[in-house]
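A short worksheet on the structure shown next.
In the numbering used here, the protein residues as written are 44 to 353.
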């Protein structure tokens, strides 16, 4: 008797499970047909045109960089077509162009990636003219685009972008107009001391792009305008392959900024003058100083000396 009851319970559970699956399938099919057969809508979207150029060439001009596309389909399928990040990719990498580097291209529905149930109603324009030129690359310097102001008692001593150049690639005709690039605006108003921050480069002209995705940094040195210590009679250490020269000075004074309460001995400070090996006659030599950690150089007095080499 008990075994019969158990067998009946198993059958009931089996039937319940299969009935739920069948109901779920029917519901899914119903929803699918509802979506597909619901009244279609029409929308217009603007697509950016991306061209994959023939080998060794780059686009330098197009009659239109955008295409207005009218799409028709179920509302559920058209939701993914938002206003941004819409592209049409035109692959011309296998196209061979000889002397004439200009083509007329008719945009096809197949150039647009469409989901099931969505059709292209209209393209504006349907045809575009694409001009090509030889693809070249080169390195250009980077300039810092600094904005913001420092407090009255601080000044920017040094600001440098690292690395200081970047490789770019594009059609020859456009590359002729690009000799330098800049960073996006860098606000220094909240910076102090020595340090570095990440920066981004500004956009390049159409059809020119950066060849690598390096990280760029602004290395800066911001110091107080007034020194709190003046070190006098600091001897100059001369670096030279010969003693046959005569400097205008053998000692200098230095303005520094040191932590409050810090005392500095003259022996802790080194000033160097490097005499060029091949230079003769009278010339100027720039001085450099090495200071203890935590002490900032504001100025060497004087910054250069006159040297006469025999």
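Quick reminder that beta carbons are idealized off the backbone N, C-alpha and C, glycines included.
Residue i: first and last residue of the uninterrupted alpha helix (DSSP H) it sits in
i	result
residue 217	215 to 218
Close beta carbons around residue i, own chain, < 8 Å, minus the five adjacent residues each side
i	result
residue 140	97, 100, 146 and 175
residue 337	301, 302 and 305
residue 346	329 and 330
residue 197	235, 265, 266, 267 and 268
residue 249	108 and 217
residue 144	100, 174, 175 and 176
residue 186	204, 223, 224, 225 and 226
residue 239	205, 260, 261, 262 and 263
residue 95	132, 133, 134, 135 and 136
residue 255	209 and 210
residue 280	313, 314, 315 and 316
residue 105	92, 94, 171, 172, 173 and 174
residue 178	96, 99, 100, 101, 212, 213, 214 and 215
residue 258	241
Cβ-based neighbour list, residue i, same chain, cut-off 6 Å, excluding 5 preceding and 5 following
i	result
residue 118	84
residue 290	348 and 350
residue 89	109 and 111
residue 292	348
Cβ-Cβ separation, residue j to residue i (assumed contact under 8 Å), whole Å
i	j	result
residue 243	residue 226	7 Å
residue 180	residue 211	7 Å
residue 296	residue 327	Actually they do not touch by this definition, with Cβ atoms about 18 Å apart.
residue 310	residue 274	Wrong, their Cβ atoms sit about 11 Å apart, outside the cutoff.
residue 113	residue 164	4 Å
residue 352	residue 288	4 Å
residue 121	residue 86	6 Å
Cut-off 7 Å between Cβ atoms - residues of its own chain near residue i, not counting five sequence neighbours on either side
i	result
residue 19	With the chain covering 44 to 353 only, the question about residue 19 has no answer from this structure.
residue 294	276, 277, 278 and 279
Residues bridged to residue i [DSSP beta-bridge criterion]
i	result
residue 198	266
residue 335	In the DSSP output, where bridge partners are listed per residue, residue 335 has none listed.
residue 252	212
residue 315	280 and 331
residue 184	208
residue 402	One cannot answer for residue 402 here, as it falls past the ends of the chain, which runs 44 to 353.
residue 230	190
residue 106	Paired residue(s): none; residue 106 is not in a bridge.
residue 260	205 and 241
residue 100	177
residue 285	None; residue 285 has no bridge partner.
residue 324	352
Extent of the continuous beta strand (DSSP E) run through residue i
i	result
residue 159	Segment: none, residue 159 is in no beta strand (DSSP E) and carries neither H nor E.
residue 239	236 to 242
residue 132	130 to 134
residue 246	No beta strand (DSSP E) holds residue 246; DSSP gives it neither H nor E.
residue 349	347 to 352
residue 290	288 to 290
residue 92	84 to 95
residue 357	Since the first and last residues shown for the chain are 44 and 353, residue 357 lies out of range.
residue 111	109 to 116
residue 300	294 to 300
Residue environment, residue i, which counts as buried when at least 16 other CB atoms sit within 10 Å
i	result
residue 282	exposed
residue 159	exposed
residue 70	exposed
residue 34	Shown here, the chain extends from 44 to 353; a query on residue 34 therefore has no answer.
residue 223	exposed
residue 156	exposed
residue 263	buried
residue 231	buried
residue 93	exposed
residue 65	exposed
residue 199	exposed
residue 190	exposed
residue 150	buried
residue 320	exposed
residue 103	buried
residue 228	exposed
residue 68	exposed
residue 116	buried
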